[in-house]
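These protein sequence lines are chains A and B, in that order. Residues in the first sequence are numbered consecutively from 1, following our numbering. Residues in the second sequence are numbered consecutively from 226, following our numbering. Step one of this worksheet: look at the structure below.
Number of protein chains: 2
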Amino acid sequence: MSTDISSDPGSYPISDRNRVKRLHERGSYDRAAVHAILDAGMLCHVAYVIDGQPYCTPTLYWREGDTLYWHGSSASRMLRHLKEGIAANLTVSHLDGLVLARSGFNHSANYRSAMCFGTARIVEDPDEKAAALRAVVDRFYPDRSASLRPITAQEIKATTVIGMAIDQASAKIRAKGVADEEEDYGHPVWAGVLPIRTIIGEEQPCPRLLPEIARPEELAIYRAG
Amino acid sequence: MSTDISSDPGSYPISDRNRVKRLHERGSYDRAAVHAILDAGMLCHVAYVIDGQPYCTPTLYWREGDTLYWHGSSASRMLRHLKEGIAANLTVSHLDGLVLARSGFNHSANYRSAMCFGTARIVEDPDEKAAALRAVVDRFYPDRSASLRPITAQEIKATTVIGMAIDQASAKIRAKGVADEEEDYGHPVWAGVLPIRTIIGEEQPCPRLLPEIARPEELAIYRAG
Ligand SMILES: Cc1cc2nc3c(=O)[nH]c(=O)nc-3n(C[C@H](O)[C@H](O)[C@H](O)COP(=O)(O)OP(=O)(O)OC[C@H]3O[C@@H](n4cnc5c(N)ncnc54)[C@H](O)[C@@H]3O)c2cc1C
Ligand SMILES: Cc1cc2nc3c(=O)[nH]c(=O)nc-3n(C[C@H](O)[C@H](O)[C@H](O)COP(=O)(O)OP(=O)(O)OC[C@H]3O[C@@H](n4cnc5c(N)ncnc54)[C@H](O)[C@@H]3O)c2cc1C
Ligand code: HEM
Ligand code: HEM
């Protein structure tokens, strides 16, 4: 693997592993571009190998600087095999639109995706782990962790937190309209883009909510619609 | 790998590879359950291994019976390495809601996901390939392929179609409200579910659309909102 040592601290180093070859004009190694795609999402897919078999596991994640975190049971297979550190590729993708062209060939999709490569490791340090488990709550719901029933030692023990420093990454984005062959624009068929968005619906309060409890501040970022 | 030979044709065979161990009551091997999750989605993530390195590539897919298809450039790395057939895990996930509990530990998400295992192979037969490339259009937009400028031989050549017979699969679903510890229900904090939905926005017709062309029938399944 030949890595181009990039002197640009704003970019991830590039090698064969993360160089965007297909439609490379859609690719970027810019940290800010990768982080923006990561921060716009909650769900990722992590690829890793156990005994030669590839697995693609969906999980929630969060980011701090150039480290990605995810969490789960201490008894989890995925997480147990990370004990020694395991090569992983964590990918976040947003499907932003469907593109209908005048030929089948030029149909496409608008999207933003980030593929991040590194070695996933268990966060062993008890303080870092406890901090991470508060951080996951606050990443989803700013400042919420302080208002919760505190996390117990037993709960921390039952949980594994994984951290992966991003060694290399790439972003790829398509964000435009229909691109037909010049000679096809006269073909009499509808063409255009159907945008796709993810929205939050009306909240469903727990039926056992104490009567005096109102919808909290930290959900302001999740306005319905 | 010990496979339980399931005599139930409605279920995928179970082995260590696809047995849901964590929160196994959320798991299922039922073909209909797996197919329903696959058919509700458009975007999947495919995990595969090249030279020991796992990759997690986002792509569109479609299903026919127990075969999953995806497509791309004939020059694609992912697809080139499939030439001999390659072990893959294709996963489809829907994040349906965020679950806010009274403790950090019991925060969760509602979701549906399907993990499908098999050997991904290039569709070589020219007729099967041409049919698949019409099928992808019609899977996204029923009956649209007939109204398009026909696919050329050159375009078929430039395209690779991958087929993967599903050898094994599993579905996993969480679809319920907050599950707090009994002693935590008195803790004075908001708890409940924020549903998440994916919607289609207002269509954006191609600026070069011929004047007489209306929004077609095949988009009826993509009503805005
Ligand atoms: C929502 C969505 C739908 C897509 N649908 C299709 C489809 O139907 N058909 C299709 O051919 N492609 C699709 N793509 C693009 C697909 O992810 C790949 O970019 C493409 O298939 C080329 O694959 P490759 O392995 O040959 O790429 P290469 O260019 O050989 O990959 C080399 C390196 O480039 C980087 N890279 C490649 N793809 C991406 C990416 N998507 N995001 C970030 N970095 C990347 C990675 O670091 C990768 O290791 C889709 C992408 C998204 C996000
Ligand atoms: C939207 C979403 C968000 C999630 N967020 C988290 C999270 O933040 N933390 C967390 O711990 N888990 C999360 N999960 C669940 C996660 O995918 C795994 O099920 C869980 O982490 C256990 O992993 P494991 O490898 O130990 O599973 P195991 O039970 O050991 O996996 C064994 C086999 O069970 C099947 N299986 C496992 N998980 C799934 C699945 N999700 N769908 C279909 N089949 C499956 C597969 O065939 C797998 O090979 C989330 C799932 C989804 C869809
Ligand atoms: C509704 C139908 C279709 C959709 C939604 C679709 C979508 C896509 C998407 C999203 C990509 C990825 C582009 C990128 O990497 O940025 C792609 C690539 C590609 N598609 Fe399609 N496609 C469709 C039909 C077809 C058909 C019918 C053909 C061939 C006749 C075709 C040939 C290709 C090829 C060759 C590529 C690779 C482009 C490259 O990497 O250079 N597609 N398609
Ligand atoms: C907003 C914050 C959080 C969210 C959204 C969240 C979400 C999730 C989800 C979706 C799962 C997967 C459940 C499944 O497999 O069906 C999970 C598993 C798990 N979470 Fe969290 N979680 C959060 C915070 C925490 C905290 C703070 C802890 C520990 C103190 C924790 C401990 C665990 C454990 C142990 C599991 C594994 C369950 C099992 O497999 O048995 N989580 N979490």
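Ideal Cβ placement from N, Cα and C applies to all residues, glycine included.
Closer than 7 Å to chain A by CB, residue i
| i | result |
| --- | --- |
| His412 (chain B) | yes |
| Ile424 (chain B) | yes |
| Glu380 (chain B) | yes |
| Tyr286 (chain B) | no |
| Ser301 (chain B) | yes |
| His270 (chain B) | yes |
| Cys431 (chain B) | yes |
| Arg256 (chain B) | no |
| Ile398 (chain B) | no |
| Ser253 (chain B) | no |
| Pro441 (chain B) | yes |
| Ser298 (chain B) | yes |
Proximal residues of chain B, C-beta to C-beta of residue i below 7 Å
| i | result |
| --- | --- |
| Asp89 (chain A) | Residue 89 (chain A) is actually Asn in this sequence, not Asp. The contacting residues are Pro279, Tyr280 and Cys281. |
| Tyr48 (chain A) | Pro279 |
| Lys176 (chain A) | Under the 7 Å cutoff, chain B gives no residues; its nearest Cβ is about 11 Å from Lys176 (chain A). |
| Lys21 (chain A) | Arg302 |
| Ala191 (chain A) | Cys431 and Leu434 |
| Val137 (chain A) | Gly329 and His332 |
Neighbouring residues, chain A, relative to residue i (Cβ below 9 Å)
| i | result |
| --- | --- |
| Tyr366 (chain B) | Leu98, Leu100 and His107 |
| Ser395 (chain B) | Correct list: empty, because the minimum Cβ distance to chain A is about 11 Å. |
Partner residues on chain B for residue i, Cβ-Cβ distance less than 8 Å
| i | result |
| --- | --- |
| Tyr222 (chain A) | Leu323 and Leu419 |
| Trp70 (chain A) | Neighbours of Trp70 (chain A) on chain B: none; closest Cβ ~12 Å, over 8 Å. |
| Arg17 (chain A) | Gln278 |
Beta-carbon proximity check, residue i vs residue j, cutoff 7 Å
| i | j | result |
| --- | --- | --- |
| Ala130 (chain A) | Ile156 (chain A) | yes |
| Arg63 (chain A) | Gln168 (chain A) | no |
| Gly104 (chain A) | Val362 (chain B) | yes |
| Ser74 (chain A) | Ala158 (chain A) | yes |
| Pro58 (chain A) | Ser372 (chain B) | no |
| Thr160 (chain A) | Gly72 (chain A) | yes |
| Arg251 (chain B) | Arg399 (chain B) | yes |
| Ala33 (chain A) | Ala165 (chain A) | no |
| Leu68 (chain A) | Met42 (chain A) | no |
| Asn331 (chain B) | Asp255 (chain B) | no |
| Ser301 (chain B) | Arg22 (chain A) | yes |
| Cys281 (chain B) | Cys56 (chain A) | yes |
| Val245 (chain B) | Val324 (chain B) | no |
| Asp409 (chain B) | Arg346 (chain B) | no |
| Arg112 (chain A) | Ile37 (chain A) | yes |
| Asp321 (chain B) | Asn335 (chain B) | yes |
For residue i, the residue or residues it bridges with in DSSP
| i | result |
| --- | --- |
| Cys116 (chain A) | A:Leu90 and A:Ala169 |
| Thr292 (chain B) | B:Glu289 and B:Ala390 |
| Arg149 (chain A) | B:Ser328 |
| Ala36 (chain A) | Ala36 (chain A) pairs with nothing; no bridge assigned. |
| Cys281 (chain B) | B:Ala272 |
| Asp30 (chain A) | A:Ser11 |
| Ser333 (chain B) | B:Val324 |
| Gln379 (chain B) | DSSP output for Gln379 (chain B) lists no bridge partner at all. |
| Val136 (chain A) | Bridge partners of Val136 (chain A): none, in fact. |
| Ile347 (chain B) | B:Ile387 |
| Ile196 (chain A) | B:Ile425 |
| Gly297 (chain B) | B:Thr385 |
| Pro430 (chain B) | A:Gly192 |
Neighbour flag for residue i against chain B, beta carbons, 7 Å
| i | result |
| --- | --- |
| Glu228 (chain A) | Nothing can be reported for residue 228 (chain A): it is not among the residues displayed for chain A, which extend from 1 to 225. |
| Ile14 (chain A) | no |
| Asp127 (chain A) | no |
| Ser113 (chain A) | yes |
| Ile213 (chain A) | yes |
Under 8 Å from the C-beta of residue i: neighbouring residues of chain A
| i | result |
| --- | --- |
| Met389 (chain B) | In chain order: nothing, as chain A lies at least about 12 Å away. |
| Leu263 (chain B) | Correct list: empty, because the minimum Cβ distance to chain A is about 14 Å. |
| Ser318 (chain B) | Leu43, His45 and Pro58 |
| Ser370 (chain B) | Gly104 |
Closer than 7 Å at the beta carbon, the chain A residues around residue i
| i | result |
| --- | --- |
| Arg374 (chain B) | Arg102, Ser103, Asp184 and His187 |
Are at least three pairs of beta-carbons, each pair with one atom in the region 87-104 of chain A and one in the region 47-64 of chain A, less than 8 Å apart? yes
Give a yes or no on contact between the region 196-213 of chain A and the region 418-430 of chain B, applying the rule of three or more CB pairs nearer than 8 Å. yes
Are the region 408-416 of chain B and the region 207-222 of chain A in contact at 8 Å, needing three or more beta carbon pairs? yes
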